[in-house]
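Peer 1:
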Amino acid sequence: MENELAIDVKRFIEARRDLGYTQSEFAKLLGISSTTADIERGRTKLSGKVVAELLRQFKINPLWLFGAQDKKYLATTSVSVIPKVVTVDSSDKENMVLVNAKAAAGYPQNIQDTSWYKQLPAFDLPLPEFRNATYRGFQVEGDSMLPNLKPGEWVLAKALNGMEEISANKIYVVILHDAVLVKKLEKSPETAKMMLISLNETYPPYEVELQQIQELWQVSSKITFSVDATTENGLLRQLQASMEELKSQIGKVKN
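Note that the working numbering has the sequence shown beginning at 1, numbered continuously upward.
Pasting the structure below:
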């Protein structure tokens, strides 16, 4: 059935799947009522408004969409990777939000939803190393960054203002349209792509389009908990208890 569809429909489906959205999620982003099912079945033509939204939001090349070019994404002079939302406490001081493995699954889709961040634990880390920048905590999931980072550990990461700040010997939290990943980064010779590299050599490196990257966070430290800390209070208690160890880890990272 899919082989019988027009090229623009096939590529619309390809774009949605590559970006990691369901039919209903993609419809909401593009201003389509209900789902994209009718478009993907060839019952409804792609409107100019939908094509314009695909270009505006995801830099999808309209000429690629209609089969006139092979280049899927239009390169731009800059890709914004700064945080889409920051939170502050009652004193108007910026918080450090903690994103556990479960929350990370919904992070890309809620990246601009200010109310979503309110459900996540947040705190202020009273160390000079964490001043004058935006930091966020992310829980490591999977074993792709072994031996440096183990599953369940937490990394504290600083927001990048632009891709020109990327260093080859650093680790980053990469927010894509469909995933939150912890990787090393390497700019591809093809300027519109980025290489994502795991430390665990059983995972091969792979490329992503720059336009798929929503945010970049440079890992500055990590915290290891020996007991379960799934609640906000548990996290905050253990963070306080681990402060001296964290200072030591920060010194090691700087060196």
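The beta-carbon is built from N, C-alpha and C at its ideal position, and this holds for glycine as well.
Quick caveat: nothing in here was measured; it's all calculated off a predicted structure.
(1) In chain order, which continuous runs of the alpha helix (DSSP H) of length 4 or greater are located wholly inside the region 112-199?
(2) Please identify the residue among 178, 183 and 209 whose C-alpha is closest to the C-alpha of residue 103.
(3) Taking the continuous beta strand (DSSP E) assigned at residue 219, which residues delimit it?
(4) Between which two residues does the beta strand (DSSP E) holding residue 97 run?
(5) Which same chain residues, not among the five before or five after residue 138, have their C-beta less than 6 Å away from its C-beta?
(6) Which word fits residue 65, buried or exposed, when buried means at least 16 other C-beta atoms lie within 10 angstroms of its C-beta?
(7) Taking just the CA atoms, how far does residue 17 sit from residue 44?
(8) Can you check DSSP and say which residues form a bridge with residue 207?
(9) Got a sec? Which residues, its chain only, sit under 6 Å from residue 116 by beta carbon, not counting five neighbours each side?
(10) For residue 112, I'd like the list of residues in its chain whose CB is within less than 6 Å of its CB, leaving aside the five on either flank, ordered along the chain.
(11) Note down, in chain order, each residue of its chain lying with its Cβ closer than 7 Å to the Cβ of residue 22, except the 5 sequence neighbours on either side.
(12) In the DSSP assignment, find the alpha helix (DSSP H) that holds residue 23 and state where it starts and stops.
(13) Is residue 13 helix, strand or coil when you go by DSSP?
(14) Determine the extent of the alpha helix (DSSP H) in which residue 40 is found, giving its start and end residues.
(15) So, residue 176 versus residue 214, is the Cβ gap smaller than 8 Å?
(16) For residue 50, which three-state DSSP category applies?
(17) Can you tell me whether residue 82 is helix, strand or coil according to DSSP?
(18) Based on Cα-Cα distance, which residue from 122, 63 and 31 lies nearest to residue 49?
(19) What number of angstroms, rounded off, separates the C-alpha of residue 204 from the C-alpha of residue 140?
(20) Use the C-beta contact count for residue 69: other C-beta atoms within 10 angstroms, 16 or more gives buried, fewer gives exposed.
(21) Measure the C-alpha to C-alpha separation of residue 201 and residue 150 and round it to an integer number of angstroms.
(22) Would you please verify whether the beta carbon of residue 134 is less than 8 Å from any beta carbon of chain B?
(23) What are the boundary residues of the alpha helix (DSSP H) that includes residue 62?
Peer 2: The relevant details are as follows:
(1) 114-117
(2) As a position in the sequence shown, residue 103 is number 103, starting the count at 1. Of the candidates 178, 183 and 209, the one whose C-alpha sits nearest the C-alpha of residue 103 is 178.
(3) For the purposes of this step, residue 219 is taken as the residue at position 219 of the sequence shown. Segment 213-223, the beta strand (DSSP E) holding residue 219.
(4) Position 97 of the sequence shown, counting from 1, holds the residue named residue 97. That run of the beta strand (DSSP E) goes 96-99.
(5) As a working mapping, residue 138 is identified with position 138 in the sequence shown. Same-chain partners within the cutoff: 99, 155 and 173.
(6) Your numbering for residue 65 matches position 65 in the sequence shown. It counts as buried.
(7) Indexing the sequence shown from 1 puts residue 44 at position 44. Indexing the sequence shown from 1 puts residue 17 at position 17. If you take the alpha carbons of residue 44 and residue 17, they lie about 19 Å apart.
(8) Residue mapping note: residue 207 aligns to position 207 of the sequence shown, counting from 1. Under DSSP, residue 207 shares a beta bridge with 195.
(9) The residue given as residue 116 occupies position 116 in the sequence shown. Taken in chain order, the residues that qualify are 110.
(10) In the sequence shown, residue 112 corresponds to position 112, counting from 1. 84, listed in sequence order.
(11) Counting from one through the sequence shown, the residue named residue 22 turns up at place 22. Hits under 7 Å: none found.
(12) Translated into the one-based positions of the sequence shown, residue 23 becomes position 23. Residues 23-30.
(13) The count along the sequence shown starts at 1 and reaches residue 13 at position 13. Here residue 13 sits in helix by DSSP.
(14) Taking the first residue of the sequence shown as position 1, residue 40 is located at position 40. Where residue 40 is concerned, the enclosing alpha helix (DSSP H) stretches over 37-40.
(15) In the sequence shown, residue 176 corresponds to position 176, counting from 1. In the sequence shown, residue 214 corresponds to position 214, counting from 1. Yes; because the gap between Cβ atoms is below 8 Å, this pair is in contact.
(16) What you label residue 50 is simply residue 50 of the sequence shown in a count that begins at 1. Here residue 50 sits in helix by DSSP.
(17) Translated into positions along the sequence shown, residue 82 becomes position 82. The answer is coil: DSSP assigns residue 82 none of H, G, I, E or B.
(18) Within the sequence shown, residue 49 is the residue found at index 49, counting from 1. Of the candidates 122, 63 and 31, the one whose C-alpha sits nearest the C-alpha of residue 49 is 31.
(19) Stepping through the sequence shown from its first residue, residue 204 is reached at position 204. Stepping through the sequence shown from its first residue, residue 140 is reached at position 140. Here the alpha carbons of residue 140 and residue 204 stand approximately 18 Å from one another.
(20) As a working note, residue 69 is residue 69 in the sequence shown. It counts as exposed.
(21) Here residue 201 is taken as the residue at index 201 of the sequence shown, counted from 1. Here residue 150 is taken as the residue at index 150 of the sequence shown, counted from 1. Cα-Cα distance, rounded: 15 Å.
(22) Protein chain content of the structure displayed is limited to a single chain, and chain B is not contained in it.
(23) The count along the sequence shown starts at 1 and reaches residue 62 at position 62. Per DSSP, residue 62 belongs to the alpha helix (DSSP H) from 62-65.
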